[in-house]
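J.:
Residue numbers (this note's numbering): 3 to 80.
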């Protein structure tokens, strides 16, 4: 899902297979991405939802990043 909430800022929402033990691995990867402003993972949600605030509305880039790290990631659409 892509929702523009301010000029040039978007919220991207993904279903993942991330777990608590994966946070140390994925944190530096997501923090290093210049297109990502903020991110968080709701580990209490059945879909382990990853929410990203980004400068760009492209979800493919995020999916590619997580897939390259060995995780499942798919866009959640309303």
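Every residue gets a Cβ at the ideal spot worked out from N, C-alpha and C, and that includes glycine.
What do you reckon, are the CB atoms on residue 49 and residue 17 nearer than 8 angstroms?
T.: Taking 8 angstroms as the Cβ cut-off, residue 49 and residue 17 qualify as a contacting pair.
J.: Have a look at residue 8 and residue 71 and give me their C-alpha separation to the nearest angstrom.
T.: Here residue 8 scores only 49 on pLDDT, less than 50, and its place in the model should not be relied on; the value that follows carries that caveat. Cα to Cα, the separation comes out at about 30 angstroms.
J.: Mind checking who residue 42 pairs with in its DSSP beta bridge?
T.: DSSP, once it has assigned bridges, lists 53 as partnering residue 42.
J.: Expressed to the nearest angstrom, what Euclidean distance is found between the alpha-carbon atoms of residue 55 and residue 32?
T.: So the alpha carbons of these two residues sit roughly 11 angstroms apart.
J.: Could you check where the alpha helix (DSSP H) with residue 29 kicks off and where it finishes?
T.: Start and end: 25 to 33.
J.: How would you call residue 45, buried or exposed, if buried means at least 16 neighbouring beta carbons within 10 angstroms?
T.: So residue 45 ends up on the exposed side.
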